[in-house]
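With this note's numbering applied, the sequence shown corresponds to residues -6 to 159, in that order.
All C-beta atoms, glycine included, are put in the ideal place defined by N, C-alpha and C.
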Amino acid sequence: MTSVSMTVNGKTVSRDIDERTLLVQFLREHLHLTGTHIGCDTSQCGACVVHVDGEAVKSCSMLALSADSAEVLTIEGLAKGDALHPMQMAFQEHHGLQCGFCTPGMILTALDMVRRLGHQLDEETIRHELEGSLCRCTGYLNIVEAIAAGARALNARTSAALVTTD
Ligand code: FES
Ligand code: FES
């Protein structure tokens, strides 16, 4: 056993864990943050994507110890009370989910896409970027539309914030 400490969704957490504990197991089994899903055992599906120090990672392919002292964001950290994050709203409005199993990973992958590539995301770019994210339900069309809309909504929100703080 060894001790690990990190900030998850803005809260500092420390636990004694087996050194072999994966980040996804740490989040689900130790912190009970079960919005991060496990959809494969080959690191292919992307259902387990979270952000570590601002970048998307597949939490099934990272040891919890490797995230020691890091800032981790999971799907549970996006909404503010009852107010969904703009990317969550976009998935809701554009019907970007059916069973919802892949959705947490899709949304965190989408936010990483916006961070790296900006707010004007075309279909080809989004589909290319979703290579490591599998959905068994939707056929991707609505997911692609949701991500493009969410990216635009985030841009509008950023612009509005700039205007109101001037
Ligand atoms: Fe991590 Fe599938 S559970 S990629
Ligand atoms: Fe069911 Fe994507 S919505 S797996």
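- Nearest Cα to Ala103 within the set Gln91, Val(-3), Cys130 and Ile68: Ile68.
- Scanning Phe84, Met106 and Ile10 for the CA closest to the CA of Leu123 turns up Met106.
- Between His25 and Phe94, the gap from beta carbon to beta carbon reaches 8 Å or more.
- Annotation for Gly93 indicates a beta carbon within 7 Å of some heavy atom of ligand 2.
- In its own chain, leaving out the 5 sequence neighbours on each side, no residue places its CB closer than 7 Å to the CB of Asp115.
- Within the stretch 17 to 100, the runs of alpha helix (DSSP H) at least 4 residues long that lie entirely inside it are, in chain order, 79 to 86.
- Chain-ordered, the residues whose CB falls short of 6 Å from any heavy atom of ligand 1 come out as Ile31, Gly32, Cys33, Ser36, Gln37, Cys38, Gly39, Ala40, Cys41, Lys51 and Cys53.
- With respect to the C-alpha of Thr151, the residue from Gly74, Asn2, His112 and His87 having the closest C-alpha is His112.
- Taking the C-beta atoms as reference points, Ser62 is found no nearer than 8 Å to Met(-6).
- Between Arg120 and the set Cys128, Gly32, Gly70 and Val137, the nearest pair of CA atoms involves Val137.
- Annotated as distal: Met82 and Ser126, with beta-carbon spacing of 8 Å or more.
- Per DSSP, Arg13 lies in no alpha helix (DSSP H) and is assigned neither H nor E.
- The three-state reading of DSSP puts Arg150 in helix, counting H, G and I together.
- The C-alpha of Val42 lies about 10 Å from the C-alpha of Leu66.
- When the Cα atoms are used, Ala72 and Asn148 turn out to be separated by approximately 17 Å.
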